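Notes for the one structure printed next.
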Amino acid sequence: MTDEPARVLLPRDFFDRPVVDVAPDLLGRTLVRHTPDGPIELRLTEVEAYDGESDPGSHAYRGRTARNATMFGPPGHAYVYFIYGMWFSINLVCGPEGKASAVLLRAGEILTGTSLAAGRRPKARSTNELAKGPARLAAALDIDRSLDGTDVCTTGATPISILHGTPAPRDRVRNGPRTGVGGDGADHPWRYWIDGDPTVSPYRPHTPRRRTATAT
DNA sequence: CAGCGGATATTCT
DNA sequence: GAATATCCGCTGA
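For the first sequence, UniProt numbering assigns the number 1 to the initial residue and increments by one for each residue that follows.
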């Protein structure tokens with residue numbers, strides 16, 4: 001007799017909904033990353049929604065490319081991309097096939113496999129920092145482009161799956177502008193997080209990056 | 001915590 | 001060439 005949350009996979013239907021419905025519903029759920037050295041479990045505390053059809057902030061807004069092809073595929077799969085020349089981020093594809101919407105996983109609390117995650121994040125100074133931010137989350141869970149397209153809803157062997165976990169109470173969920181999104185995409189308050197959770201990343205407004213080192 | 005600059009793949013111009 | 005769904009190391013509170 002325990003308060004152990006049900007260890008049940010989220011069904012594919014969970015992801016086959018409008019992305020703004022799926023995103024807040026993911027908070028509190030458990031992501032399981034099966035590595036060769038053992039499992040790492042993460043409780044999701046912060047996410048952002050991206051809708052390819054209406055959203056200038058979405059990678060898919062300007063159509064399909066080699067990088068974003070997975071976003072156009074069936075729901076319940078991982079879209080992993082490489083950004084800023086050195087980091088990976090993981091999204092979960094939502095909506096029907098062809099719609100190109102996805103939820104960016106921005107932060108979470110490491111539940112098990114903490115030493116494995118810490119080994120991937122040697123610079124982190126506290127356990128709360130291990131997955132505080134999308135690139136940090138991917139690094140802690142050893143996620144890279146080789147996992148792009150992974151089915152997270154299969155009952156078979158898979159490197160990543162999403163368990164039902166314990167959904168965050170709706171009165172603890174907050175939403176606001178997305179971190180680092182500029183232009184017209186800044187209008188959508190599609191960042192969702194669990195209020196007061198110590199693993200949520202600080203909000204950073206969009207700041208256009210300075211020029212690359214000037215060629216001499 | 002806030003602010004700053006640097007590192008760099010992918011995409012569009 | 002320029003922008004982008006970022007993080008790190010530094011400085012200062």
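We treat Cβ as the ideally placed atom computed from N, Cα and C, and that holds for glycine.
All values derive from a computational prediction rather than experimental measurement.
query                                                                                                          : result
Distance between beta carbons of residue 199 and residue 107, contact taken as under 8 Å                       : 5 Å
Three-way DSSP call (helix, strand, coil) for residue 158 in this model                                        : coil
Host alpha helix (DSSP H) of residue 114 (start-end)                                                           : 114 to 120
Endpoints, the alpha helix (DSSP H) within which residue 24 is located                                         : 19 to 26
Inter-residue spacing [alpha-carbon to alpha-carbon] between residue 19 and residue 38                         : 31 Å
Rounded separation between residue 205 and residue 179 - CA only                                               : 6 Å
Helix, strand or coil at residue 16 according to DSSP, with G and I counted as helix                           : coil
Residue 8 beta carbon less than 9 Å from that of residue 141                                                   : no
Endpoints, the beta strand (DSSP E) within which residue 39 is located                                         : 38 to 51
Minimum C-alpha distance to residue 159 - residue among 35, 21, 30                                             : 35
Whole-angstrom distance between residue 72 and residue 139, CA atom to CA atom                                 : 25 Å
Residue 191 burial status per 10 Å Cβ neighbour count (16 or more: buried)                                     : buried
First through last residue of the alpha helix (DSSP H) which encompasses residue 136                           : 134 to 140
Buried versus exposed call for residue 195 [16 or more other C-beta atoms within 10 Å across all chains shown] : exposed
Residues that residue 91 bridges to, as DSSP identifies them                                                   : 79, 104
Cα-Cα separation, residue 113 to residue 21                                                                    : 30 Å
Whether residue 137 touches residue 42 by CB criterion (9 Å)                                                   : yes
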